[in-house]
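In our numbering, the protein residues as written are 318 to 734.
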C-alpha cells in the first residue's frame, strides 16, 4: 500500500501514513493530521470519594509529582502534565487517587447517576469507570454521607453497580482495583455482555469477588442470537457464588429485562481513538494498523458484537432510564451506525440531549452553572457526532483521548426483534 503525507509542523519530519489510513480518516470525517499532530497523551487523576482532597493535599501531591494539578469540570478530577506517572506516588499507592481519562469520566457523568440506583456496566474491565459509578450510587458506603434517593423495583437493593466482562483475567484486574480503592457497592460477573440476564441484587453486597453465570443461561440466549457465536463462552467453573448472587440467579427465569435504571455499554472497539494505543502504531510506521485494525472481516465481526452488546444493554434498561453507549473509536461504523441500527429496530429507543456540561461549544448559550452546580463553560467540550445528540471527544479539540458518547432512553416496553 502507498503512503500519504499528512502534513506537520514546520521543521518536523512530515508524517507518512498508509493510503488506507488516510482513507479511514476521510471516511470518518477526521482531519488528516489527527495522529501526526498529537505529540502527547492527556493525563488526568481522580480522588476517591473517601479521600476528597484538602488544599494541603493538593499542594503535597503537586510537590511530589513536580507539576500543578488543574481542576476539571468533573468533581475530584484534575489534569496534570502528560509526562508525569503515578507509579511510586504515595497517594496512588495508598489507594487515594487513580488514573482515568476525562472523556471516560464524562461517559459516567452522562449517565446522570443518582444515589440508590441500580446500575450495570456490561463491559466493565479494567474498572476505573466502575469505581466512579459505585461511589455515585452509594456515596454513604464509599466515604460520602448522602442517603439513597432512587425508587426501585420491589425487593431490589438500591445503590449497587453490577460489572460484567467476558475476560476473566481483565475481571481479576477490575476486582483488585475495587478492593484497592475500598469500593463497597459493586459486584462482578464473568459473563458475555451480550447475554447477561441477572437482575440487580436483592441482598447487600458484602464482598468483592468474581461470580460466574451458569452455562445454561448463556446457551439459551446464544441459540436466540446467532450473531454472537464468535464470542467465547463464559465458564461455569470458578469462584463459588455468594448467597445474594445465588438468589439473583434464582430469579433468572424472569430475567433482568427493564430492571436497571442506568446501563453503560463501553463496547470493545478498534481503539483508534486511544492516543496511547495509536502512537504505538505510529512508532512502527503504521505497519501493524492495516493488518490488525483495517481488516474487513474483523470490523464486521466487531460491529456485530457492538450492536449485540448495545441491544442487550437496552433490554436491561428500565423504561425512563438512561443508557450510555461509548467507544474509544472514531469509526462511524462502530458508533453512529450502531446507534442508528438500535433506533431503527426498537421504536422505544430515543436519543437524549447531552447534559449542559457536555454540549458542544457551538450549542452553549451561556457560561453559568449546570443543574448540578458544575461550571458549564470549559475547554474540554466535545464536537457533535455525525448524528444529532451524539458526541465525539478528541485530543485536538477536546484535549482528551478520543471517545464517542450517545445517551439513549427507553420510552416503553422493549420491542422484540
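Just so it is clear, CB atoms sit at the ideal spot from N, CA and C, and this is done for glycine as well.
Note that this is a predicted model, so its numbers are computed, not measured.
Delimiting residues of the alpha helix (DSSP H) encompassing residue 519
Taking the chain shown and counting its residues from 1, the one referred to as residue 519 is at position 202. It is not in any alpha helix (DSSP H) - residue 519 carries neither H nor E in the DSSP assignment.
- Query: Do residue 365 and residue 403 have their C-beta atoms within less than 9 Å of each other?
  - Reply: Taking the chain shown and counting its residues from 1, one reaches residue 365 at position 48. Taking the chain shown and counting its residues from 1, one reaches residue 403 at position 86. Going by C-beta atoms, residue 365 is not nearer than 9 Å to residue 403.
- Beta-carbon proximity of residue 655 to residue 627, cut-off 9 Å: Numbered from its first residue, the chain shown carries residue 655 at position 338. Numbered from its first residue, the chain shown carries residue 627 at position 310. Yes, the Cβ-Cβ distance between residue 655 and residue 627 is below 9 Å.
* Out of 716, 529, 725, 407, state which residue places its alpha-carbon closest to the alpha-carbon of residue 484. => Against the chain shown, residue 484 aligns to sequence position 167. The residue with the shortest Cα to Cα distance from residue 484 is 529.
### Query
Would you say the region 513 to 523 touches the region 640 to 656, given that touching needs at least three Cβ pairs under 8 Å?
no
| query | Along the chain, where does the beta strand (DSSP E) that runs through residue 778 open and close? | reply | The chain is shown only over 318 to 734; residue 778 falls outside these bounds and no answer can be derived.
DSSP three-state label for residue 589, please.
As a first step, residue 589 is located in the chain shown; it is residue number 272 there, counting from the start. Looking at residue 589 - three-state DSSP - the assignment turns out to be coil, as it is neither helix nor strand.
Just to confirm the assignment, what range does the alpha helix (DSSP H) spanning residue 380 have? Here the question's residue 380 lines up with position 63 in the chain shown. It spans 372 to 382 - the alpha helix (DSSP H) in which residue 380 sits, taken as one unbroken run.
**Item:** Uninterrupted beta strand (DSSP E) stretches inside the region 688 to 723 (no shorter than 3 residues)
**Value:** 707 to 710
Which of helix, strand or coil does DSSP assign to residue 396? Locating residue 396 in the chain shown gives position 79, counting from the first residue. Strand.
Query - 3-residue-minimum beta strand (DSSP E) runs that sit fully inside the region 575 to 655, ordered along the chain - result: 577 to 583, 634 to 644
> Identify the residues that DSSP records as bridge partners of residue 435: which are they?
Replying inline: Here residue 435 refers to the residue found at position 118 when the chain shown is read from its first residue. Answer is 477, bridged to residue 435.
With distances taken from CA atoms, which of 511, 636, 504 is nearest residue 517? On the chain shown, residue 517 is found 200 positions in, with the first residue counted as 1. The residue with the shortest Cα to Cα distance from residue 517 is 504.
Quiz item: How is residue 341 classed by DSSP in three states: helix, strand or coil?
Solution: Taking the first residue of the chain shown as 1, we reach residue 341 at position 24. Here residue 341 sits in helix by DSSP.
- Give me the Cβ distance between residue 430 and residue 439, rounded to the nearest whole Å; I'm assuming they're in contact under 8 Å. Taking the chain shown and counting its residues from 1, one reaches residue 430 at position 113. Taking the chain shown and counting its residues from 1, one reaches residue 439 at position 122. Not confirmed; about 16 Å, so no contact.
Through-space distance from residue 449 to residue 443, alpha-carbon basis: The count along the chain shown starts at 1 and reaches residue 443 at position 126. The count along the chain shown starts at 1 and reaches residue 449 at position 132. Rounded to the nearest angstrom, the two C-alpha atoms are 12 Å apart.
Between which two residues does the beta strand (DSSP E) holding residue 403 run? Residue mapping note: residue 403 aligns to position 86 of the chain shown, counting from 1. Run containing residue 403: none; DSSP gives neither H nor E here.
Exercise for review: Put residue 667 into one of helix, strand or coil per three-state DSSP.
Suggested key: Translated into positions along the chain shown, residue 667 becomes position 350. Residue 667: strand per DSSP, three-state reduction.
Beta-carbon separation (whole angstroms), residue 451 vs residue 502, contact threshold 8 Å | Residue mapping note: residue 451 aligns to position 134 of the chain shown, counting from 1. Residue mapping note: residue 502 aligns to position 185 of the chain shown, counting from 1. With a Cβ gap of about 5 Å, residue 451 and residue 502 count as contacting.
Q: Could you give the DSSP three-state label for residue 529: helix, strand or coil?
A: Indexing the chain shown from 1 puts residue 529 at position 212. Strand.
Mind checking whether residue 341 and residue 611 have CB atoms under 9 Å apart? Locating residue 341 in the chain shown gives position 24, counting from the first residue. Locating residue 611 in the chain shown gives position 294, counting from the first residue. Cβ atoms of residue 341 and residue 611: closer than 9 Å.
message: What does the Cβ neighbour count give for residue 635, buried or exposed, with the cut at 16 atoms within 10 Å?
response: As a working note, residue 635 is residue 318 in the chain shown. Residue 635 comes out buried.
* Whole angstroms is fine: what's the gap from residue 336's alpha carbon to residue 355's? => If you number the chain shown from 1, residue 336 lands on position 19. If you number the chain shown from 1, residue 355 lands on position 38. Roughly 19 Å between the two C-alpha positions.
Hey, out of 514, 603, 584, 593, whose CA is closest to residue 576's CA?
Taking the chain shown and counting its residues from 1, the one referred to as residue 576 is at position 259. Per the Cα distances, 514.
What number of angstroms, rounded off, separates the C-alpha of residue 372 from the C-alpha of residue 379? Sequence index remark: in the chain shown, residue 372 carries index 55 (1-based). Sequence index remark: in the chain shown, residue 379 carries index 62 (1-based). Each residue's Cα considered, the two are about 11 Å apart.
Discussion item. Check whether the region 421 to 429 and the region 651 to 665 touch, using three or more Cβ-Cβ pairs below 8 Å as the test.
Written reply: no
TODO: Identify, in the order they occur along the chain, each residue of the same chain with its Cβ nearer than 6 Å to the Cβ of residue 727, setting aside the five sequence neighbours on each side.
DONE: Along the chain shown, read from residue 1 onward, the residue named residue 727 stands at position 410. Closer than 6 Å at the Cβ level, and outside the excluded window around residue 727, lie 634, 636, 665.
message: What does the alpha-carbon distance come out to for the pair residue 401 and residue 620?
response: The sequence position of residue 401 within the chain shown is 84, counting from 1. The sequence position of residue 620 within the chain shown is 303, counting from 1. When rounded, the distance between both Cα atoms is 36 Å.
From the DSSP output, read off the bridge partner residues of residue 365.
-> Looking up residue 365 in the chain shown gives position 48. Partner(s): none; residue 365 has no beta bridge.
Q) What is the rounded straight-line gap between the Cα of residue 411 and the Cα of residue 368? A) On the chain shown, position 94 is the one that residue 411 refers to. On the chain shown, position 51 is the one that residue 368 refers to. Approximately 10 Å, taken between the alpha carbons.
Discussion item. Can you look up residue 661 in the DSSP assignment and give me helix, strand or coil?
Written reply: Looking up residue 661 in the chain shown gives position 344. The answer is helix: DSSP assigns residue 661 an H, G or I state.
Candidates 415, 422, 511, of which the one nearest residue 493 by Cα: Translated into the one-based positions of the chain shown, residue 493 becomes position 176. Closest option to residue 493, Cα to Cα, is 415.
Beta-carbon proximity of residue 712 to residue 677, cut-off 9 Å: Walking along the chain shown from the start, residue 712 turns up at place 395. Walking along the chain shown from the start, residue 677 turns up at place 360. Contact flag unset, no.
Whole angstroms is fine: what's the gap from residue 581's alpha carbon to residue 630's?
If you number the chain shown from 1, residue 581 lands on position 264. If you number the chain shown from 1, residue 630 lands on position 313. Cα to Cα, the separation comes out at about 8 Å.
*Counting only the same chain and skipping the five closest in sequence on each side, list residues whose C-beta sits under 7 Å from that of residue 603.*
Translated into the one-based positions of the chain shown, residue 603 becomes position 286. The answer, listed in chain order, is 334, 335, 338.
Check your understanding: Buried or exposed: where does residue 578 fall if 16 or more other Cβ atoms within 10 Å of its Cβ makes it buried?
Key -> Here residue 578 is taken as the residue at index 261 of the chain shown, counted from 1. Flag for residue 578 reads buried.
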